[in-house]
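Enquirer: For the sequence shown, my numbering assigns the number 3 to the initial residue and increments by one for each residue that follows. Note that the Cβ used here is the ideal one computed from N, Cα and C, for glycine as well.
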Amino acid sequence: MIKIGENITLPDFPLLLAPMEDVSDPPFRRLCKTHGADLMFSEFISSEGLIRDAIKSRQKLDIFDYERPVGIQIFGGDEDAMAMSA
């Protein structure tokens, strides 16, 4: 078993869904989960978009219980924006 933090345990050889822009949205993650994905990731989310409350960035944070565990990938070039968005 692979343990991530205190709450996430994965099998020895987990099936992971990589983050893919404009691909790994909630419907695609649901499909992957039904076919055995153990851990999935959101699309890349802009730290600037999050702190400016951009609709597109907020929509990428739509995570549903059936998808868990899900990793969220935030990107940006400003360390203050990265810290605020995390």
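Between the beta-carbon of L17 and the beta-carbon of I4, is there less than 8 Å?
Expert: Residue numbering aside, residue 17 sits at position 15 when the sequence shown is read from its first letter. Residue numbering aside, residue 4 sits at position 2 when the sequence shown is read from its first letter. Going by C-beta atoms, L17 is not nearer than 8 Å to I4.
Enquirer: Would you list the one or two residues that DSSP bridges to Q61?
Expert: Along the sequence shown, read from residue 1 onward, the residue named residue 61 stands at position 59. Note: Q61 sits in no beta bridge, so no partner.
Enquirer: Could you round the C-beta distance between G51 and S59 to whole angstroms and report it? I think they count as a contact, below 8 Å.
Expert: Start at 1 with the first residue of the sequence shown, and residue 51 comes out as number 49. Start at 1 with the first residue of the sequence shown, and residue 59 comes out as number 57. The pair is a contact, with the Cβ atoms about 3 Å apart (cut-off 8 Å).
Enquirer: Just tell me which of R32, I47, M42 has its CA closest to the CA of L19.
Expert: Start at 1 with the first residue of the sequence shown, and residue 19 comes out as number 17. Nearest of R32, I47, M42 to L19, Cα basis: M42.
Enquirer: Using C-beta distances below 7 Å, list every residue in its chain close to K62, excluding the 5 sequence neighbours before and after it, in chain order.
Expert: In the sequence shown, residue 62 corresponds to position 60, counting from 1. Counting only Cβ-Cβ distances below 7 Å, and skipping sequence neighbours, we find S44, E45, I47.
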